[in-house]
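Student: Next up is a structure, given as structure tokens.
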Amino acid sequence: MQGAEGNEGIIPRMNNALFAKIGVEKSAHPSLLFLVTVSYFEIYNEVIFDLLDPSDRKKHKQAGSKGGLEIKEHPVLGVYVKGLQEIVVDNPSKLQEIIDQGMSNRTVASTQMNADSSRSHSVFQITLHQKDAEDETKNVFAKVNLVDLAGSERVKSTGASGATLKEGANINKSLSELGNVINALVEQAKGKRAFVPYRNSKLTRVLQVPHD
Amino acid sequence: MDEDLAKGEDTNVRVAVRCRPFNTKEKANGETSCVRISTDHLVLVNPNGSGEEHNFAFDLIFDQNSRQQSLWESIGDPILLKAFSGYNGTIFAYGQTGSGKTW
């Protein structure tokens with residue numbers, strides 16, 4: 001989704017289009033207020049690591065625990081990742097800097113963990129808040145998630161052992177749980193009753209939105 | 213409610229496929245494509261010449277010559293516009309390592 005220079009993918013295009021549109025909206029309605037925040041994290045072996053806070057991984061490693069950030073549920077705001085950095089951005093260059101920083105942290109971390117960034121899911125979240133200084137009732141909020149999933153190739157269990165086998169099993173499971181959630185959402189949209197098993201994996205839990 | 217909604221919008225989940233062009237190594241090996249693209253489905257053809265084929269339907273199909281701009285227009289831009297109306301959106305890039313998710 002990143003693309004390359006000269007062949008920019010969805011992420012840089014969304015970045016530029018987001019701020020361009022904010023500019024257009026503000027010109028048309030000067031009383032509008034916008035706030036953009038971003039988060040960037042990865043899920044490896046069902047553990048969430050903040051890609052915008054490299055000390056996160058060190059801290060947890062030192063503590064000797066499995067590490068990572070926890071998912072919590074707020075009665076009104078819904079599901080959120082506790083302690084995840086949310087950085088305010090007001091221009092596309094700053095947003096791109098953050099993406100680059102996150103991607104570089106991902107590579108460094110994967111080397112340290114003797115893993116490969118293709119073995120984790122990365123989630124880039126942009127939240128857009130809109131308010132109107134002249135109309136208190138207007139308060140719009142939306143989240144856009146750009147998810148680069150772990151490689152879908154099946155890790156062969158023969159010859160694999162220990163960490164590699166566990167890694168492969170976790171990826172296979174979280175991809176199939178994602179499939180289950182999507183199928184259930186499609187059934188619901190068709191008007192059928194379906195239970196959506198968000199809780200079966202970190203990825204689906206973290207992307208869950210509160211139901212109205 | 214379904215009758216009011218336009219085609220492609222009835223489930224608010226869309227699945228797109230994009231095929232990447234051959235890389236240098238694949239070209240050097242003279243590889244042939246095992247994919248045939250129709251308007252709304254993709255056919256996987258067994259390269260062993262047996263005639264075995266499998267069809268897959270998608271909401272959007274992008275072939276080996278597709279440009280980044282066209283994916284932005286069909287996939288990225290609509291999600292961004294919906295965000296300004298307060299709708300959440302998620303785009304997943306799914307595929308084998310090396311298939312082009314980062315691209």
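Here the protein sequences line up with chains P and Y, keeping their order.
The first sequence lines up with residues 1 to 212 when you count with the numbering used here.
The second sequence lines up with residues 213 to 315 when you count with the numbering used here.
All C-beta atoms, glycine included, are put in the ideal place defined by N, C-alpha and C.
Keep in mind it's a predicted model, so treat the numbers as computed, not measured.
Can you tell me whether proline 12 of chain P is buried or exposed, with buried defined as 16 or more other CB within 10 angstroms of its CB?
Tutor: The residue given as residue 12 of chain P occupies position 12 in the first sequence. So proline 12 of chain P counts as buried.
Student: How far does the beta strand (DSSP E) with lysine 206 of chain P in it extend, from its first residue to its last?
Tutor: Here the question's residue 206 of chain P lines up with position 206 in the first sequence. Inspection of the sequence shows that residue 206 of chain P is occupied by valine rather than by lysine. Careful: valine 206 of chain P lies outside any beta strand (DSSP E), inside the alpha helix (DSSP H) at 202-207.
Student: Throw me the rounded Cβ distance for the asparagine 200 of chain P and glutamate 177 of chain P pair, which I believe falls under 8 Å.
Tutor: Start at 1 with the first residue of the first sequence, and residue 200 of chain P comes out as number 200. Start at 1 with the first residue of the first sequence, and residue 177 of chain P comes out as number 177. With a Cβ gap of about 4 Å, asparagine 200 of chain P and glutamate 177 of chain P count as contacting.
Student: Going by Cα to Cα distance, which pick from Y:Gly242, Y:Ala240, Y:Gln280 is closest to arginine 230 of chain Y?
Tutor: The sequence position of residue 230 of chain Y within the second sequence is 18, counting from 1. Nearest of Y:Gly242, Y:Ala240, Y:Gln280 to arginine 230 of chain Y, Cα basis: Y:Gln280.
Student: Below 9 Å on C-beta distance, what does alanine 163 of chain P contact in chain Y?
Tutor: Here residue 163 of chain P refers to the residue found at position 163 when the first sequence is read from its first residue. By Cβ distance, chain Y contributes nothing, its closest Cβ being about 17 Å from alanine 163 of chain P, past 9 Å.
Student: Give a yes or no on whether the C-beta atoms belonging to lysine 138 of chain P and glutamine 125 of chain P are separated by under 7 Å.
Tutor: As a working mapping, residue 138 of chain P is identified with position 138 in the first sequence. As a working mapping, residue 125 of chain P is identified with position 125 in the first sequence. Not in contact: lysine 138 of chain P and glutamine 125 of chain P (Cβ atoms no closer than 7 Å).
Student: Chain P partners of glutamine 308 of chain Y, CB-CB under 7 Å?
Tutor: As a first step, residue 308 of chain Y is located in the second sequence; it is residue number 96 there, counting from the start. Within chain P, the residues Gly151, Ser152, Glu153 have their CB atoms less than 7 Å from the CB of glutamine 308 of chain Y, given in chain order.
Student: Could you tell me whether the Cβ atoms of aspartate 50 of chain P and leucine 84 of chain P are closer together than 7 Å?
Tutor: Here residue 50 of chain P refers to the residue found at position 50 of the first sequence. Here residue 84 of chain P refers to the residue found at position 84 of the first sequence. Yes.
Student: Taking CB distances under 7 Å as the criterion, tell me whether arginine 13 of chain P reaches chain Y.
Tutor: As a position in the first sequence, residue 13 of chain P is number 13, starting the count at 1. At least one chain Y Cβ lies under 7 Å of arginine 13 of chain P.
Student: I'd like to confirm the pairing. Which residues does DSSP put opposite serine 39 of chain P in its beta bridges?
Tutor: Taking the first residue of the first sequence as position 1, residue 39 of chain P is located at position 39. Serine 39 of chain P is bridged to P:Gln125.
Student: Does any residue of chain Y have a CB that is nearer than 7 Å to the CB of valine 89 of chain P?
Tutor: Here residue 89 of chain P refers to the residue found at position 89 when the first sequence is read from its first residue. No - not a single Cβ of chain Y is within 7 Å of the one on valine 89 of chain P.
Student: Could you check what DSSP says for phenylalanine 270 of chain Y in three-state terms: helix, strand or coil?
Tutor: Working through the second sequence from its first residue, we reach residue 270 of chain Y at position 58. The answer is coil: DSSP assigns phenylalanine 270 of chain Y none of H, G, I, E or B.
Student: Give the DSSP-derived three-state secondary structure of alanine 163 of chain P in the structure shown.
Tutor: By one-based count along the first sequence, residue 163 of chain P stands at place 163. Here alanine 163 of chain P sits in helix by DSSP.
Student: Does serine 297 of chain Y pass the burial test, meaning 16 or more other C-beta atoms within 10 Å, or should it be called exposed?
Tutor: Reading the second sequence from its first residue, position 85 is the one you call residue 297 of chain Y. An exposed status is given to serine 297 of chain Y, since fewer than 16 other beta-carbon atoms sit within 10 Å of its beta-carbon.
Student: CA-CA distance, lysine 72 of chain P and glutamate 86 of chain P?
Tutor: Indexing the first sequence from 1 puts residue 72 of chain P at position 72. Indexing the first sequence from 1 puts residue 86 of chain P at position 86. For lysine 72 of chain P and glutamate 86 of chain P, the distance between alpha carbons rounds to 16 Å.
Student: According to DSSP, simplified to helix, strand and coil, what is glutamate 153 of chain P?
Tutor: Start at 1 with the first residue of the first sequence, and residue 153 of chain P comes out as number 153. Coil, per DSSP.
Student: Checking contacts by CB at 7 Å: is glutamate 215 of chain Y closer than that to chain P?
Tutor: Residue 215 of chain Y sits at position 3 when you count from the first residue of the second sequence. The predicted model places glutamate 215 of chain Y with a pLDDT of 35, which falls under 50 and marks its position as unreliable, so this point remains unresolved.
Student: Should alanine 228 of chain Y be flagged as near chain P, meaning a C-beta pair shorter than 7 Å?
Tutor: One-based indexing of the second sequence puts residue 228 of chain Y at position 16. No, alanine 228 of chain Y lies away from the interface with chain P (no Cβ there is under 7 Å from its Cβ).
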